[in-house]
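Each residue of the sequence shown is one higher than the one before, starting from 27 at the first, in our numbering. Just so you know, even glycine gets a beta-carbon here, dropped at the ideal spot from N, CA and C. Bear in mind that the values here come from a model prediction, so they are computed numbers and not experimental data. To start, the structure itself, in structure tokens.
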Amino acid sequence: MKKLLLFISCAILSLSTIAANFTVDGIYYTISGSNVSVTSGGYTGAITIPASVTYNSITYPVTAIGNMAFASCSDLTSVSIPSSVTTIGDDAFYRCIGLTSLVIPTSVTSIGNYAFEYAGLTSITIPSSVSSIGQHAFNFCTSLKTVTIPVSVSSIGTEAFWACSALTSIYVNRSIPVDLTSSDNVFYGVNQTSCVLYVPVGAKTAYQAASQWKDFKNIVEFTTAVPRIDDERINIHPNPVVDKFKIDGLEGATELILMDINGKELLHKEILKDENVSVSEFPAGMYFVKLSNNGLNYKKKIIKK
């Protein structure tokens, strides 16, 4: 009988651990097994999600932005997502109209259904770790002007970019078009006459023949389009750097990645025009700065004193 009671007690403890909900620094979490996901709350302003949180003296990695986590948080202005997160759930940023840009870390592998529906995004770069974009993921993002889709994306859901009427450029880094024959109306409401579809060198013919992609009237290969690795108009100052620097020549939100000379990622964040970037915590030496702004990519070198 004692053994049975002990077993029951352990089962109850395990169940409570799996189902636990808790709050840390104003962010709501749910435990699922050994991982934690951000869950629904009344979020406003700028939110920074930590890579891990501690509950009942146990530290858990934050691996997901849960379903409806930030849904209808119209006063949410920015979210910093850690590299521990691998999933952005269904309706995660639904109707976040104040959220104009977001850096999705390279750890994320999937973007859920309706994830950004009605969000205020003006640009989005989907990282090369993402393999699937859910149905209606960017529905009615009517301020969205540019999208970058990496080669890793092999699935785009029905109506993923429905009514993204402000889109002027889509950059697709995949030579073989994603098969959209089973995904209805992916670009319905996009002006496919004025919106330019940029594709890799040699891929234009394939896109001109592919379902839904062929509806774009202006398909341009990268040789005549963009992704530049350098540009004299983009200037970092001061350089050499002591504690912080600014970047001239950028408009709107920019994704910034700071790397050491071995290519190790040290900093990954979103910055705005004229924003200071602090490097005070890093030792003296040479670093590389990768920037993604309005569909263009740049790479710069800095010296830290």
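ask   = Touching or not, the segment 172-188 and the segment 152-163, by the rule of three or more beta carbon pairs under 8 Å?
value = At 8 Å Cβ cutoff, the stretches touch.
request  = Please report the Cβ distance between residue 106 and residue 295, rounded to the nearest whole angstrom; I am assuming they are in contact, meaning their Cβ atoms lie under 8 Å.
outcome  = Right, their Cβ atoms sit about 7 Å apart.
query = Between which two residues does the alpha helix (DSSP H) harbouring residue 8 extend?
reply = Given that the chain is displayed from residue 27 to residue 331, the structure contains no residue 8 and the question cannot be resolved.
inquiry  = On the DSSP bridge list, what partners appear for residue 48?
reply    = Beta-bridge pairing links residue 48 to 55.
ask   = Tell me the DSSP bridge mates of residue 72?
value = The partner list for residue 72 (beta bridge, DSSP) reads 104.
ask   = Do you know offhand how far residue 72's Cα is from residue 103's?
value = Their Cα atoms are separated by approximately 5 Å.
message = Assuming residue 166 and residue 186 are in contact, meaning their beta carbons sit under 8 Å apart, how far apart are those beta carbons, in whole angstroms?
response = Contact doesn't hold; Cβ gap of about 12 Å is too wide.
task = Identify whether residue 113 lies in helix, strand or coil by the three-state DSSP scheme.
result = In this structure, residue 113 counts as strand in the three-state DSSP scheme.
message = Can you check which of these residues, 200, 191, 196, 115, is closest to residue 176 by C-alpha distance?
response = In this structure, 200 is the residue among 200, 191, 196, 115 with its C-alpha nearest to the C-alpha of residue 176.
request  = Report yes or no: do the segment 278-294 and the segment 259-267 share at least 3 C-beta pairs separated by less than 8 Å?
outcome  = Between the segment 278-294 and the segment 259-267 there are fewer than three C-beta pairs closer than 8 Å, too few to call the two in contact.
C-beta atoms of residue 272 and residue 247 nearer than 8 Å = Result no, Cβ atoms of residue 272 and residue 247 do not sit closer than 8 Å.
query = I think residue 63 touches residue 56, with their Cβ atoms under 8 Å apart; what is that distance to the nearest whole Å?
reply = Indeed, because the Cβ distance is near 5 Å, the residues count as touching under 8 Å.
Cα-Cα separation between residue 220 and residue 244, rounded to whole angstroms = Computed Cα separation, rounded: 7 Å.
Every unbroken beta strand (DSSP E) within the segment 259-329, with a cutoff of 3 residues, ordered by chain = As for any beta strand (DSSP E) of minimum length 3 sitting wholly inside the segment 259-329, the runs are 261-263, 270-274, 280-286, 291-297, 311-319, ordered along the chain.
key: Cutoff 7 Å; reference residue 234; Cβ partners in own chain excluding five residues on either side   = A distance below 7 Å between beta-carbons, with the five flanking residues on each side excluded, links residue 234 to the following residues of its chain, in chain order: 240, 245.
key: Proximity winner among 275, 277, 267, relative to residue 303 (alpha-carbon distances)   = Selected option, being the one with the closest Cα: 267.
query = Roughly how many whole angstroms lie between the Cα atoms of residue 151 and residue 173?
reply = If I take the Cα positions, the gap works out to 6 Å.
Proximity below 8 Å, CB of residue 115 to CB of residue 91 = For residue 115 and residue 91, yes; Cβs fall inside 8 Å.
key: For residue 148 and residue 209, the rounded distance between their alpha carbons   = The alpha-carbon atoms of residue 209 and residue 148 are separated by roughly 24 Å.
ask   = residue 237 and residue 215: beta carbons closer than 8 Å?
value = In this structure, residue 215 does not lie closer than 8 Å to residue 237 by Cβ.
query = By a C-beta neighbour count over all protein chains shown, 10 Å radius and 16 as the cutoff for buried, is residue 143 buried or exposed?
reply = Burial check for residue 143: the Cβ neighbour count within 10 Å reaches 16 or more, so the residue is buried.
task = Spell out the partners DSSP gives residue 90 in its beta bridges.
result = According to DSSP, residue 90 bridges with 63, 113.
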